[in-house]
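Heads up, the thing below is written out as structure tokens.
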Amino acid sequence: MIQISPHAEAALTCTLDERSLYLRRLVLGSVRSAGRGHVGPALSLIEIVRVLYDDVLRIDPKNPRDPNRDRAILSKGHGCLALYALLADRGFFPLSELDGFCGPDSILGGHPEYGMVPGVEASTGALGHGLSIGVGLALAARMRERSYRTFVLLGDGEINEGSVWEAAMGAAKHRLDNLVALIDYNKLQSYGPTDYVLPLEPLADKWRSFGFAVQELNGHDVGALRTVLTQVPAAPGKPTAIICHTVKGKGLPAAESNADWHHKNKLTDSELDAIRVAVGDF
Amino acid sequence: MRNTAMNMVYKLAASDERVLYIGSDPGAGTLRAMSKEFPKRHLIEGISEAHIIGMSAGLAMEGFVPYVNTIATFLPRRCYEQVAVDLCLHNLPVRLIANGGGLVYAPLGPTHQAIEDIAIMRALPNMTVVCPCDADEAARLMEKTLDWTGPIYIRLGKGGDAIVSKAEHGFEIGKAILMRPPGEVLMVSTGIMLQRAIATADLLAAQGIRAGILHMHTVKPLDAEALLQAVRGIKLVATLEEHVPSGGLGSAVAETLIDKLGSGLPAMLRLSLPDRFMHNYGSQDSLLKKHGLSANAIATSIEHALTASLTSAPQLHST
Numbered sequence: 008m009i010q011i012s013p014h015a016e017a018a019l020t021c022t023l024d025e026r027s028l029y030l031r032r033l034v035l036g037s038v039r040s041a042g043r044g045h046v047g048p049a050l051s052l053i054e055i056v057r058v059l060y061d062d063v064l065r066i067d068p069k070n071p072r073d074p075n076r077d078r079a080i081l082s083k084g085h086g087c088l089a090l091y092a093l094l095a096d097r098g099f100f101p102l103s104e105l106d107g108f109c110g111p112d113s114i115l116g117g118h119p120e121y122g123m124v125p126g127v128e129a130s131t132g133a134l135g136h137g138l139s140i141g142v143g144l145a146l147a148a149r150m151r152e153r154s155y156r157t158f159v160l161l162g163d164g165e166i167n168e169g170s171v172w173e174a175a176m177g178a179a180k181h182r183l184d185n186l187v188a189l190i191d192y193n194k195l196q197s198y199g200p201t202d203y204v205l206p207l208e209p210l211a212d213k214w215r216s217f218g219f220a221v222q223e224l225n226g227h228d229v230g231a232l233r234t235v236l237t238q239v240p241a242a243p244g245k246p247t248a249i250i251c252h253t254v255k256g257k258g259l260p261a262a263e264s265n266a267d268w269h270h271k272n273k274l275t276d277s278e279l280d281a282i283r284v285a286v287g288d289f
Numbered sequence: 182m183r184n185t186a187m188n189m190v191y192k193l194a195a196s197d198e199r200v201l202y203i204g205s206d207p208g209a210g211t212l213r214a215m216s217k218e219f220p221k222r223h224l225i226e227g228i229s230e231a232h233i234i235g236m237s238a239g240l241a242m243e244g245f246v247p248y249v250n251t252i253a254t255f256l257p258r259r260c261y262e263q264v265a266v267d268l269c270l271h272n273l274p275v276r277l278i279a280n281g282g283g284l285v286y287a288p289l290g291p292t293h294q295a296i297e298d299i300a301i302m303r304a305l306p307n308m309t310v311v312c313p314c315d316a317d318e319a320a321r322l323m324e325k326t327l328d329w330t331g332p333i334y335i336r337l338g339k340g341g342d343a344i345v346s347k348a349e350h351g352f353e354i355g356k357a358i359l360m361r362p363p364g365e366v367l368m369v370s371t372g373i374m375l376q377r378a379i380a381t382a383d384l385l386a387a388q389g390i391r392a393g394i395l396h397m398h399t400v401k402p403l404d405a406e407a408l409l410q411a412v413r414g415i416k417l418v419a420t421l422e423e424h425v426p427s428g429g430l431g432s433a434v435a436e437t438l439i440d441k442l443g444s445g446l447p448a449m450l451r452l453s454l455p456d457r458f459m460h461n462y463g464s465q466d467s468l469l470k471k472h473g474l475s476a477n478a479i480a481t482s483i484e485h486a487l488t489a490s491l492t493s494a495p496q497l498h499s500t
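The listed protein sequences derive, respectively, from chains A and B. Take 8 as the starting number for the first sequence in the numbering used here and just add one per residue. Take 182 as the starting number for the second sequence in the numbering used here and just add one per residue.
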């Protein structure tokens with residue numbers, strides 16, 4: 008059985024503020040325009056990405072390739088709608104691009120592509136790649152004596168991949184305390200509950216045993232995210248893993264913890280009405 | 182060939198701070214000198230090849246030129262998605278040094294024989310595939326890898342392959358080397374099949390058959406210009422490769438001739454390993470011999486094909 012942590016329970020009942028609702032409207036607007044999109048995986052990520060891009064990352068949208076910028080990789084590339092909303096809102100590209108999501112002339116595909124989207128550090132979508140690339144980036148910072156940090160956002164289903172744990176061993180070996188792994192632990196993957204598909208618990212202990220300093224929090228609690236993410240590394244000489252207990256589809260009652268909203272094709276009129284009730288007109 | 186390639190990594194590292202060596206779990210002696218002189222740029226990362234490819238991608242994104250070294254089979258087979266996505270999609274300058282391409286690990290069985298690696302790597306956009314023929318050529322190749330755009334798959338033989346390459350031929354990635362001018366036959370070979378091609382040409386010459394040799398050390402991008410030049414006026418082109426028949430040198434040559442010539446093709450003989458795993462041990466040489474890739478067998482195949490080509494329409498032959 009899934010071990011219900013207090014953070015997971017808090018994530019279920021967490022109230023969303025106006026900025027979180029606004030970002031959800033951007034995400035759902037893209038889905039409405041494209042007639043498709045990974046809704047659940049994006050909505051579980053909103054607050055994590057929001058705090059990263061609003062409060063943590065040292066980045067300049069006008070100079071997205073600044074060598075001293077912090078690096079962030081969305082390893083769970085299918086959650087890209089959350090990333091696109093934040094990048095557009097922060098000025099990496101115009102908000103109008105969000106309407107073209109998955110369209111023939113768009114820079115925004117169903118998975119983020121390096122070189123196409125300003126602010127995207129790596130092409131992701133094939134799962135289990137991001138942490139290894141992150142190890143390389145963090146190691147390069149060490150070797151070049153640069154102060155940038157590397158953040159990698161992983162899905163809970165994604166960490167079924169063995170390559171993630173190879174990368175975890177490598178990060179610990181090199182004592183990469185400039186590397187932060189954020190796990191979006193919404194406990195639901197495409198087929199069903201992670202506890203059914205491939206149990207992950209005891210998840211915090213796993214990361215700890217692989218040599219990471221581990222923090223756990225409610226991944227929808229903006230204040231908690233801000234506190235933890237602005238105090239990395241969690242321990243000197245160790246990479247940090249932050250397990251973010253989240254709710255898949257957070258903010259839309261019909262979508263919450265509902266595998267049918269993992270990927271959505273075309274929103275019906277009644278679904279659009281329900282979205283307006285939940286997050287406001289969009 | 183392997184030792185030479187490793188020594189070249191050390192030499193390149195001494196002259197260029199971008200150069201990194203990344204090994205999985207190689208023998209203890211591999212680049213020991215480099216580990217002492219440049220310990221931060223000598224990385225041993227364990228038997229975690231998929232991770233190593235991703236890590237090398239991250240390092241290359243930051244301006245390093247990583248040379249990744251492991252056994253040939255593990256790069257294309259185990260790491261295909263990482264190579265495709267992390268290296269080729271990002272078009273990063275990571276160099277994959279594949280030890281024991283082809284049948285070098287014959288005694289260790291099918292898990293260690295890289296007999297389909299050229300096809301796998303050749304299929305990837307942005308990937309360059311190079312198969313040097315001997316240690317001297319491996320050294321010339323390695324010098325050219327430093328500033329080549331994009332990833333490179335370097336298929337190495339073993340130590341002790343006869344030195345047949347010549348310094349005066351030079352070396353450019355993507356530029357084939359005409360070792361002997363074509364007569365009625367042109368052999369196109371890659372990697373250590375060049376040694377067999379030379380021996381074959383001598384046998385054929387004794388039979389009064391003039392056979393040229395085009396050493397196609399770079400299978401991708403294939404040097405179409407050199408190939409088209411060399412096949413002019415010949416009766417038979419024979420490709421020689423230590424690889425399965427699908428997708429390797431023979432396929433690349435056939436595709437290029439069809440694409441560029443369309444009609445008026447020379448007869449073609451594709452000599453390769455059969456389309457199956459090698460369930461025999463022994464040595465690289467004994468397995469090549471068993472599958473018709475010794476000089477004697479190649480010469481016989483060419484003589485038969487030449488006779489057939491004179492009496493029938495152009496056609497493809499394959500072992």
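Just so it is clear, CB atoms sit at the ideal spot from N, CA and C, and this is done for glycine as well.
Contact list for residue i against chain A, beta-carbon separation under 7 Å
| i | result |
| --- | --- |
| phenylalanine 255 of chain B | None at all; the shortest Cβ gap to chain A is about 13 Å. |
| alanine 238 of chain B | Ile140 and Gly143 |
| leucine 270 of chain B | Ser130 |
Selection from the options that minimises the alpha carbon distance to residue i
| i | options | result |
| --- | --- | --- |
| glutamate 349 of chain B | B:Arg321, B:Pro455 and B:Glu230 | B:Arg321 |
| valine 285 of chain B | B:His271, B:Leu337 and B:Phe255 | B:Leu337 |
| asparagine 75 of chain A | A:Val63, A:Ser154, A:Cys109 and A:Val124 | A:Ser154 |
| aspartate 62 of chain A | A:Val239, A:His269 and A:Val34 | A:Val239 |
| leucine 52 of chain A | A:Leu90, A:Asn167, A:Ala211 and A:Leu134 | A:Leu90 |
| lysine 180 of chain A | A:Leu144, A:Thr157, A:Gly218 and A:Ala92 | A:Gly218 |
| leucine 421 of chain B | B:Met449, B:Gly445 and B:Ala411 | B:Met449 |
| phenylalanine 158 of chain A | A:Gly107, A:Ile66, A:Val124 and A:Ala231 | A:Ile66 |
| leucine 102 of chain A | A:Thr275, A:Trp172 and A:Val34 | A:Val34 |
| valine 235 of chain A | A:Glu223, A:Gly244 and A:Gly258 | A:Glu223 |
| serine 264 of chain A | A:Leu205, A:Pro246, A:Ile249 and A:Thr201 | A:Thr201 |
| aspartate 206 of chain B | B:Leu385, B:Ile252 and B:Val264 | B:Ile252 |
| histidine 460 of chain B | B:Ile390, B:Tyr334 and B:Thr292 | B:Thr292 |
| leucine 59 of chain A | A:Gly256, A:Ser40 and A:Gly230 | A:Gly230 |
Proximal chain B residues relative to residue i, where beta-carbon distance stays under 7 Å
| i | result |
| --- | --- |
| valine 159 of chain A | Going along chain B, no residue has its Cβ under 7 Å from valine 159 of chain A, so there is no contact; the nearest lies around 10 Å. |
| glutamate 173 of chain A | Ser229, Ala231 and His232 |
| leucine 35 of chain A | Ordered by position in chain B, no residue passes the 7 Å Cβ test against leucine 35 of chain A, which lies about 29 Å from the chain. |
| alanine 133 of chain A | Glu262 and Val266 |
| alanine 147 of chain A | Gly239, Leu240, Glu243 and Phe245 |
Chain A contact residues for residue i, given Cβ-Cβ distances below 8 Å
| i | result |
| --- | --- |
| glutamate 218 of chain B | Under the 8 Å cutoff, chain A gives no residues; its nearest Cβ is about 15 Å from glutamate 218 of chain B. |
| alanine 343 of chain B | Simply none; closest approach about 39 Å. |
Segment limits, beta strand (DSSP E) that includes residue i
| i | result |
| --- | --- |
| glutamine 222 of chain A | 220 to 225 |
| tyrosine 248 of chain B | 246 to 252 |
| isoleucine 358 of chain B | 358 to 361 |
| valine 200 of chain B | 200 to 204 |
| alanine 419 of chain B | 417 to 421 |
| cysteine 251 of chain A | 247 to 252 |
| histidine 223 of chain B | 223 to 225 |
Residue i - containing alpha helix (DSSP H), residue span
| i | result |
| --- | --- |
| isoleucine 140 of chain A | 137 to 151 |
| asparagine 477 of chain B | 476 to 492 |
| leucine 270 of chain B | Looking at the DSSP string, leucine 270 of chain B is not in any alpha helix (DSSP H), and its letter there is neither H nor E. |
| isoleucine 439 of chain B | 430 to 442 |
| tyrosine 191 of chain B | 183 to 196 |
| aspartate 96 of chain A | 87 to 96 |
| isoleucine 299 of chain B | 298 to 303 |
| histidine 14 of chain A | 13 to 20 |
Residues that residue i contacts on chain D, provided the C-beta gap is smaller than 7 Å
| i | result |
| --- | --- |
| aspartate 267 of chain B | Chain labels in this structure do not include chain D; the protein chains are A and B. |
Contact list for residue i against chain B, beta-carbon separation under 9 Å
| i | result |
| --- | --- |
| serine 216 of chain A | The premise fails here: serine 216 of chain A is roughly 17 Å from chain B at the closest Cβ pair, so nothing lies under 9 Å. |
| glycine 177 of chain A | Glu226, Gly227, Ser229, His232, Ile233 and Met236 |
Amino acids of chain A, ordered along the chain, whose beta-carbon sits closer than 9 Å to that of residue i
| i | result |
| --- | --- |
| alanine 419 of chain B | Residues of chain A passing the Cβ test: none, with the nearest at roughly 40 Å. |
| leucine 454 of chain B | Those within 9 Å of leucine 454 of chain B in chain A number zero; the least Cβ separation is about 31 Å. |
| glutamate 324 of chain B | Correct list: empty, because the minimum Cβ distance to chain A is about 24 Å. |
How about the stretch 29 to 42 of chain A and the stretch 95 to 109 of chain A: do they share at least three Cβ pairs that are nearer than 8 Å?
Output reads yes: the stretch 95 to 109 of chain A touches the stretch 29 to 42 of chain A.
Counting beta carbon pairs with one atom in the stretch 72 to 86 of chain A and one in the stretch 123 to 143 of chain A, are three or more of them shorter than 8 Å?
yes
What are the residues in the stretch 272 to 304 of chain B lying within 9 Å of chain A by C-beta distance?
Asn272
With a threshold of 8 Å, are at least 3 pairs of Cβ atoms found where one atom belongs to the stretch 246 to 262 of chain B and the other to the stretch 192 to 206 of chain A?
no
Stretch-stretch touch, CB-based, cutoff 8 Å, three pairs: the stretch 370 to 380 of chain B with the stretch 324 to 335 of chain B:
no
Is it the case that the stretch 133 to 148 of chain A contacts the stretch 236 to 256 of chain B, given that we only count it when at least three CB pairs across the two stretches are under 8 Å?
yes
Quick one: which residues of the stretch 420 to 444 of chain B get their C-beta closer than 8 Å to a C-beta of chain A? List them in chain order.
none
For the stretch 343 to 357 of chain B against the stretch 300 to 318 of chain B, do three or more pairs of beta-carbon atoms, one drawn from each stretch, fall closer than 8 Å, so that the two count as touching?
yes
Cβ contact (3+ pairs, closer than 8 Å) linking the stretch 436 to 451 of chain B and the stretch 262 to 273 of chain B
no
For the stretch 355 to 371 of chain B and the stretch 392 to 403 of chain B, state whether three or more C-beta atom pairs, one from each stretch, are separated by less than 8 Å.
yes
Counting Cβ pairs closer than 8 Å, one from the stretch 211 to 221 of chain B and one from the stretch 282 to 289 of chain A, do we hit at least three?
No, they do not touch.
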